[in-house]
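Q: Numbering (the UniProt record's numbering), first residue to last: 1 to 381.
We put the beta carbon where it would ideally sit given N, CA and C, even for glycine.
Predicted, not measured: the structure shown is a model, and the values here were computed from it.
Once you've had a glance at the structure underneath, I'll fire off some questions.
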């Protein structure tokens with residue numbers, strides 16, 4: 001019992017330091033306010049959208065992009081259809097926007113060619129055929145406001161970053177399960193912004209990214225990470241971060257938020273999170289691996305302490321105290337993040353979600369390392 005307590009308290013101390021570091025980074029990260037412009041924009045942009053079986057989502061996304069305030073002659077939209085078995089391609093072709101182009105992955109790969117990362121190949125092909133100096137990626141199941149692209153370009157021209165991690169949020173949380181996902185995802189977004197401020201890029205999300213075409217070419221694109229199933233966002237970010245340690249920034253502006261729906265099923269949720277965690281040991285910067293290990297073993301220690309308390313009632317007091325500490329330090333971090341995303345009303349479900357969060361972190365972390373997952377109808381190991 002003594003050894004268990006010492007280990008758990010040690011992990012708790014490190015975890016509190018970690019969360020306070022995140023809190024400091026997010027609070028210090030400045031809101032970006034676009035400057036009043038006298039001269040017109042001149043940055044050319046290529047918006048790249050990988051899509052697989054997204055017939056129910058692609059039209060609202062293209063409508064949202066078509067409604068952008070950014071001058072339409074300065075940006076193009078390239079949708080890469082990843083072997084869709086529904087009407088995704090037909091809907092793209094029939095969309096009225098003149099600056100939308102469709103690439104079918106089935107036309108570029110042989111029937112017998114098998115890849116571990118079709119998404120990276122899709123993005124790579126789109127970039128080769130694009131003309132924009134700034135590459136912006138989003139997912140086919142997303143929507144955004146009309147100032148989205150203009151805000152990204154304004155930030156790019158003002159700050160001159162090589163890589164921009166921009167905000168992503170869930171919406172339409174109509175039950176506890178979806179609210180749980182949204183709170184978890186907000187935490188990741190807060191960490192993304194915090195660590196970008198601290199110039200220690202940790203996370204980003206491919207649903208809302210921008211990077212210089214020249215920087216992508218300079219680091220060799222996805223070369224060296226193309227055999228890893230996921231990581232078209234974070235692993236690329238690390239390549240650019242390695243070349244430009246001060247060139248990875250987070251765009252903290254509400255007009256830049258991209259919104260997407262949480263998944264509907266527990267199976268879909270676990271597959272998504274296992275996919276995200278599967279690249280944990282693929283980062284060249286081992287600090288992120290160390291952080292993920294700390295979070296994983298901290299949650300494992302709490303579960304072990306819970307099981308031990310069933311047989312040693314004296315441990316309930318320790319477990320209760322550590323859970324209170326965990327909740328307080330996480331809420332201190334998450335509250336301003338939720339305010340930024342206009343989702344403070346979801347925080348009332350934060351405490352009820354704690355047991356489920358601990359279990360999911362343990363299971364997803366283990367299966368991400370040793371298991372496989374389903375993504376878009378494909379099994380990936």
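Would you call residue 3 buried or exposed, if buried means 16 or more other Cβ atoms sit within 10 Å of its Cβ?
A: Answer is exposed; the Cβ neighbour count stays below 16.
Q: Near residue 260, what residues of its chain come up, given a Cβ to Cβ distance below 7 Å and the 5 sequence neighbours on each side ignored?
A: Excluding positions up to five away in sequence, the list reads 139, 141, 142, 168, 170, 207.
Q: Please work out which residues of its chain come closer than 6 Å, Cβ to Cβ, to residue 296, disregarding the five sequence neighbours upstream and downstream, and give them in chain order.
A: Closer than 6 Å at the Cβ level, and outside the excluded window around residue 296, lie 365.
Q: Comparing C-alpha positions only, which one of 49, 43, 91 sits nearest to residue 59?
A: Of the listed residues, the one whose Cα sits closest to residue 59 is 91.
Q: Using DSSP with H/G/I as helix, E/B as strand and the rest coil, what is residue 234?
A: Helix at residue 234.
Q: At which residue ranges does the stretch 55-132 contain complete beta strand (DSSP E) runs of 3 or more residues, listed in the order of the chain?
A: As far as the stretch 55-132 is concerned, its whole beta strand (DSSP E) runs of at least 3 residues are 75-81, 100-104.
Q: Cβ of residue 190 within 7 Å of Cβ of residue 277?
A: Contact: no.
Q: Count the other CB atoms within 10 Å of the CB of residue 209; is the residue buried (16 or more) or exposed (fewer)?
A: So residue 209 ends up on the buried side.
Q: According to DSSP, simplified to helix, strand and coil, what is residue 265?
A: Residue state, collapsed to three classes: coil.
Q: Out of 89, 43, 270, 328, which has the shortest C-alpha to C-alpha gap to residue 211?
A: Answer by Cα proximity: 43.
Q: How is residue 138 classed by DSSP in three states: helix, strand or coil?
A: Looking at residue 138 - three-state DSSP - the assignment turns out to be coil, as it is neither helix nor strand.
Q: At which residues does the beta strand (DSSP E) containing residue 165 begin and terminate?
A: Residues 163-165.
Q: Would the stretch 247-263 count as touching the stretch 171-189 if we require 3 or more Cβ pairs under 8 Å?
A: The stretch 247-263, when compared against the stretch 171-189, does touch it at the 8 Å Cβ threshold.
Q: Between which residues of its own chain and residue 323 is the CB-CB distance below 8 Å, once the five residues before and five after are set aside?
A: The answer, listed in chain order, is 302, 354.
Q: Is it true that the stretch 30-41 meets the stretch 142-161, where meeting means three or more beta-carbon pairs spaced less than 8 Å apart?
A: Result yes; three or more Cβ-Cβ pairs closer than 8 Å.
Q: Going by DSSP in three states, residue 222 sits in which element: helix, strand or coil?
A: Looking at residue 222 - three-state DSSP - the assignment turns out to be coil, as it is neither helix nor strand.
Q: The alpha helix (DSSP H) that contains residue 301, what's its start and end?
A: Residue 301 -> alpha helix (DSSP H) spans 286-309.
Q: In terms of residues, what are the limits of the beta strand (DSSP E) holding residue 50?
A: It spans 45-51 - the beta strand (DSSP E) in which residue 50 sits, taken as one unbroken run.
Q: Beta strand (DSSP E) containing residue 170: first to last residue?
A: First-last of the beta strand (DSSP E) with residue 170: 168-170.
Q: Per DSSP, residue 151 is paired with what?
A: Beta-bridge pairing links residue 151 to no other residue.
Q: What does DSSP give as the partner residue(s) for residue 260 in the beta ladder?
A: Residue 260 is bridged to 142, 170.
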